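A.B. asks: Quick note on my numbering: the sequence shown kicks off at 129 and runs consecutively.
Virtual Cβ for every residue (Gly too), placed ideally from N, Cα, C.
None of the values given here were measured: they were computed from a predicted structure.
I'd like to ask you about the structure that follows.
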Amino acid sequence: EELKAALRKASQVFAENRDHVLKKLPYLASYRKKAQEAKAWAREHREELLKQLKESIESLGGYFYFAKTKQEALKIIGDIVGSNKKVIKSKSMTTEELDLNEYLERLNNIVIETDLGERIIQLRKERPSHNVVPAVHLSKERIAELFSSHMGEHLPADATALTRAARKMLRKDFMEADVGISGANAIAAETGTIFIVTNEGNARFVTNAPPVHIVVAGIEKIVRTVEDGFAISMVLPPYGTGQMVTSYISLITGPSRTADIELTTVLGVHGPLELHVVIVDNGRSAMANDPVLYEAFYCIRCGSCYNSCPVYQNVGAAFGHRYFAAIGAIWTYYTAGPEEAAKIAYQCLQCGLCTQVCPMELHQSEMVKNLRGKLVQQGYIPPPIKQLVETAEETGSIFGKRES
């Protein structure tokens with residue numbers, strides 16, 4: 129009941145904030161259209177954009193990598209990080225998909241999440257329950273108990289006090305880190321510009337303080353131009369958190385540099401010496417090529433659909449794997465396989481509420497219906513349904529034989 133109450137409260141607040149702010153943003157429709165067009169164009173020109181992005185990143189003095197699979201991505205990132213390092217991270221669903229933290233820890237690295245919600249979840253040794261607010265299912269009382277235990281001092285169940293404690297706790301880690309790992313909300317291939325949309329300010333430390341910055345992003349984050357990236361960055365806040373715009377929209381184009389001494393360009397001034405961009409496929413190309421499910425490639429991870437989903441509001445992260453709700457079923461099918469996807473797909477009510485609030489106008493119910501067909505063909509049927517089918521085949525009725 130505590131979980132349900134927390135999820136419903138969050139969903140209601142986000143939905144109310146979204147509806148309120150959308151009334152103030154009549155021009156947002158043009159950004160939505162631009163974002164939709166940008167994503168559609170990028171899907172059809174993936175190979176071209178990958179090549180262009182590689183050239184842009186390398187021309188800026190950065191390093192570009194393409195990982196076809198999860199295992200390749202982990203190997204690449206592990207080779208860059210090495211062992212016995214302190215790694216700080218800003219929020220990234222792609223790294224959750226890769227189980228990156230666990231992999232780096234097996235290499236004897238210390239990995240610290242710096243987003244407040246992600247840090248709470250990490251300390252509890254749990255998985256995020258929402259891609260925008262990872263600890264949405266936890267009360268302030270539970271968080272106070274957690275922080276008090278971790279910091280060795282009593283902290284009140286007060287949001288401001290707990291936030292200040294997290295600030296104090298993480299500040300030293302920011303300054304001591306060897307590597308910073310971030311995701312990206314969009315990447316402009318034309319210029320190699322990385323967009324990171326945040327509220328807390330932690331991503332700026334992660335991407336600026338350590339000597340090495342690693343960006344981990346799926347191929348779906350690549351768009352053609354900076355203008356395309358801005359369109360996505362403007363659509364995300366109203367639909368994700370109900371804000372007109374987030375506190376920070378960071379644009380990173382190559383490692384830090386200066387040419388103040390005899391116009392000689394030197395990389396690594398106050399920002400990182402090295403920028404590594406790791407682009408991950410891990411099933412995304414197959415998704416993009418599917419005649420029906422390709423729409424899922426356009427998802428911008430705003431989480432608006434979660435806030436309208438009756439199933440998610442009742443069971444939370446149980447309606448997902450690394451990605452949640454109806455859209456998460458599609459993503460799970462391609463990034464984690466049909467067995468995990470089947471656990472999600474059959475929970476969807478196909479009510480269509482998600483499509484009504486989706487800024488990209490994705491037809492999620494239709495995609496889930498199509499996905500179920502694929503799963504049935506591959507033999508992935510939930511045990512209760514499978515039992516009903518077997519009973520009907522044996523007896524001619526789903527209720528079985530009647531006793532005489």
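Would you say the region 295-311 touches the region 234-247, given that touching needs at least three Cβ pairs under 8 Å?
C.D. replies: With the rule of 3 Cβ pairs closer than 8 Å, the region 295-311 counts as touching the region 234-247.
A.B. asks: Taking 8 Å as the threshold (C-beta atoms), are residue 146 and residue 432 in contact?
C.D. replies: yes
A.B. asks: Quick one, are the C-beta atoms of residue 482 and residue 475 less than 8 Å apart?
C.D. replies: no
A.B. asks: Helix, strand or coil for residue 148 per DSSP?
C.D. replies: Helix.
A.B. asks: Rounded to whole angstroms, what is the Cα-Cα separation between residue 169 and residue 186?
C.D. replies: 24 Å
A.B. asks: Quick one: Cα of residue 319 to Cα of residue 198, how far?
C.D. replies: Those two C-alpha atoms are separated by around 27 Å.
A.B. asks: Hey, is residue 483's beta-carbon within less than 8 Å of any beta-carbon in chain D?
C.D. replies: As a matter of chain content, chain D is missing from the structure shown, which is built from one protein chain.
A.B. asks: For residue 154, tell me which candidate among 363, 222 and 383 has the shortest Cα-Cα distance.
C.D. replies: 363
A.B. asks: Let me check understanding here. Comparing Cα to Cα, which of 268, 429, 140 and 404 lies closest to residue 435?
C.D. replies: 140
A.B. asks: Per the DSSP calculation, residue 239 is bridged to which residue(s)?
C.D. replies: Residue pairing by DSSP places residue 239 opposite 215 in a beta bridge.
A.B. asks: For residue 484, which residues in the same chain have their Cβ closer than 8 Å to its Cβ, ignoring the five residues on either side in sequence?
C.D. replies: 436
A.B. asks: May I ask you to verify whether the region 451-470 touches the region 280-289, counting CB pairs closer than 8 Å and requiring at least 3?
C.D. replies: With the cut-off at 8 Å, the region 451-470 and the region 280-289 do not touch.
A.B. asks: Go ahead and pull the three-state DSSP assignment for residue 105.
C.D. replies: The question about residue 105 has no answer here: the residues shown for the chain are numbered 129 through 532.
A.B. asks: Which first and last residues belong to the alpha helix (DSSP H) in which residue 251 is found?
C.D. replies: 244-251
A.B. asks: So, using beta-carbon positions, are residue 216 and residue 342 closer together than 8 Å?
C.D. replies: no
A.B. asks: Report yes if the CB atom of residue 499 is closer than 8 Å to the CB atom of residue 453, and no otherwise.
C.D. replies: no
A.B. asks: Is there contact between the region 372-381 and the region 320-338, where contact requires at least three CB pairs shorter than 8 Å?
C.D. replies: yes
A.B. asks: On the three-state DSSP scale, how would you describe residue 264?
C.D. replies: DSSP, read as helix, strand or coil, puts residue 264 in coil.
A.B. asks: Runs of 3 residues minimum, wholly inside the region 250-325: which ones carry the beta strand (DSSP E) assignment?
C.D. replies: You should have 307-310 and 314-316.
A.B. asks: List, from N- to C-terminal side, the beta strand (DSSP E) runs of 3 residues or more that fit wholly inside the region 169-198.
C.D. replies: 191-195
A.B. asks: Buried or exposed: residue 265, going by 16 or more other Cβ atoms within 10 Å of its Cβ?
C.D. replies: buried
A.B. asks: With a 10 Å radius around its C-beta and 16 neighbouring C-beta atoms as the bar for buried, classify residue 248 as buried or exposed.
C.D. replies: buried
A.B. asks: Considering only C-alpha positions, which residue in the set 136, 278 and 171 is nearest to residue 296?
C.D. replies: 278
A.B. asks: Are the CB atoms of residue 166 and residue 356 nearer to each other than 8 Å?
C.D. replies: yes
A.B. asks: What are the start and end residues of each continuous alpha helix (DSSP H) run of 4 or more residues lying completely inside the region 324-348, in chain order?
C.D. replies: The region 324-348 contains, as complete alpha helix (DSSP H) runs of 4+ residues, the segments 330-336 (chain order).
A.B. asks: Give the C-beta separation of residue 322 and residue 337 to the nearest angstrom, bearing in mind that I take them to be a contact with Cβ-Cβ under 8 Å.
C.D. replies: Wrong, their Cβ atoms sit about 16 Å apart, outside the cutoff.
A.B. asks: Tell me, which residues are paired with residue 403 by DSSP?
C.D. replies: 341
A.B. asks: Less than 8 Å separating the beta-carbons of residue 149 and residue 372?
C.D. replies: yes
A.B. asks: Would you identify the three-state DSSP class for residue 450, choosing helix, strand or coil?
C.D. replies: coil
A.B. asks: Name the residue from 438, 398 and 345 whose alpha carbon lies nearest to the alpha carbon of residue 332.
C.D. replies: Checked all of 438, 398 and 345; the closest Cα to residue 332 is 398.
A.B. asks: Is the region 404-411 close to the region 178-196, with three or more CB pairs under 8 Å?
C.D. replies: yes
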